[in-house]
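Visitor: Residue numbers 4 to 321, in our numbering, belong to the letters of the sequence shown in order.
Backbone N, C-alpha and C define an ideal beta-carbon position, used for all residues, glycine too.
My questions will all concern the structure given below.
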Amino acid sequence: VSSAVLVRVTENKQKNVALGLGYSTNTGNPAQLTYDDLSVLGLRMKSNLLFETLRQSARADFYFPTTPKGDNDSVGAGFERNDLRGERTSVATLAARRAWGSPLLERGLTLEYLSEQRNVDGQMTTSSKSVPLTYSITKRALDNLLSPSTGYVLSAQFGGAVLPVLTDERFLRATTRFVNYRPIGAAGTLVLRAEAGAVASKRKVGVPSTLLFRAGGDQSGRGYAYQELGVTEGSAIVPGRYLLTGSAEYQYWFKPPYGVALFYDAGNAADTLRELTPKSGYGIGARWRSPVGPINVDLAYGHAVKKFRLHFSLGFTF
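Below, the structure written as structure tokens:
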């Protein structure tokens with residue numbers, strides 16, 4: 004028995020332009036312009052401009068054809084400016100990256116050059132440069148990649164700048180992140196999250212601030228402003244060498260795809276392990292498993308600052 008199958012194929016446009024507007028309780032309302040071209044000197048190009056209240060960035064990446072072994076190579080350049088808690092940074096980057104694997108197990112190796120200008124509290128501007136090499140791996144075991152209800156995601160990065168080549172301060176850096184989804188009864192889900200990071204170097208001065216750690220905000224400490232938790236330097240809050248955050252959240256889906264949540268977050272960033280005292284936040288939230296991913300609206304109380312804060316987020320980070 005044979006039957007005919009009709010397949011309609013629409014060719015993708017060589018050039019695509021998109022404009023996006025959004026809302027964020029972290030970095031301010033974002034406006035983004037993206038431009039993709041499938042053939043620039045035989046390479047695919049992806050570029051974007053992002054403007055937010057606290058952050059502005061521009062980036063362009065060029066992707067080589069996938070190798071017979073399945074490796075995806077790319078080169079790119081970018082510029083990012085941040086204004087966070089009294090610290091202003093401007094960083095220019097050049098990067099070469101190789102990525103391989105599948106959506107369930109992604110791996111990558113990145114060689115990057117960073118040149119950073121940093122100003123704290125309007126004082127004298129300092130500069131630093133670095134050439135770190137970083138290996139990254141992400142493992143996903145989820146029932147649904149877009150809106151998971153059971154399973155886990157684990158990611159880690161290991162790297163550093165160990166050679167005195169275009170590097171002001173040699174260092175090693177490691178980070179890991181974990182999120183776990185567990186069904187509780189017929190309509191409940193327990194979500195556990197954890198993140199840790201560390202930078203080892205003789206001096207903190209010379210390590211780009213971009214590679215150090217802060218906490219606070221929608222994904223790393225509800226009840227606190229974005230990147231509010233860190234090291235006090237004058238009247239500013241700056242990143243630290245160490246990071247540790249954790250979260251426990253119970254979601255009850257009273258009428259899927261709609262639900263409510265109770266959560267408790269704790270964490271901090273500091274320059275020493277002894278100073279890494281957790282600061283907690285807790286509250287309630289609304290959940291919607293939308294067609295574009297989970298949408299979360301939370302009202303949280305930051306115990307250390309004794310204030311309520313509203314948080315809005317789309318999806319989960321990984």
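#1: How many angstroms separate the CA atom of I140 from the CA atom of G111?
#2: Who pairs with K142 in a beta bridge, going by DSSP?
#3: What does the Cβ neighbour count give for G330, buried or exposed, with the cut at 16 atoms within 10 Å?
#4: Name the DSSP bridge partner or partners of Y285?
#5: From what residue to what residue does the beta strand (DSSP E) around L246 run?
#6: In this structure, what does DSSP give as the bridge partners for P135?
#7: List the whole-angstrom C-beta distance separating E83 from S60, where the pair is believed to meet the contact cut-off of C-beta under 8 Å.
#8: Whole angstroms is fine: what's the gap from E252's alpha carbon to G104's?
#9: Can you name the residues that DSSP bridges to L149?
#10: Quick check on R217: buried or exposed, where buried means 16 or more other Cβ atoms within 10 Å of its Cβ?
#11: Determine the closest residue to L87 out of D64, Y66, R121, S77, with distance taken between C-alpha atoms.
#12: Would P167 be called buried (16 or more neighbouring beta carbons within 10 Å of its own) or exposed?
#13: Would A289 be called buried (16 or more neighbouring beta carbons within 10 Å of its own) or exposed?
#14: For Y304, which residues in the same chain have their Cβ closer than 7 Å to its Cβ, ignoring the five residues on either side in sequence?
#15: Is it true that the CB of D64 sits closer than 8 Å to the CB of R101?
Guide: To lay it out plainly:
#1: 7 Å
#2: L108, L157
#3: Summary: the structure shown does not reach residue 330, with the chain confined to residues 4 through 321, and so no result is reported for it.
#4: Y267, Y304
#5: 245-258
#6: By DSSP's assignment, P135 forms no beta bridge with any residue.
#7: Confirmed, about 4 Å.
#8: 31 Å
#9: According to DSSP, L149 bridges with nothing at all.
#10: buried
#11: R121
#12: exposed
#13: exposed
#14: G226, G284, Y285, G286, F311
#15: no
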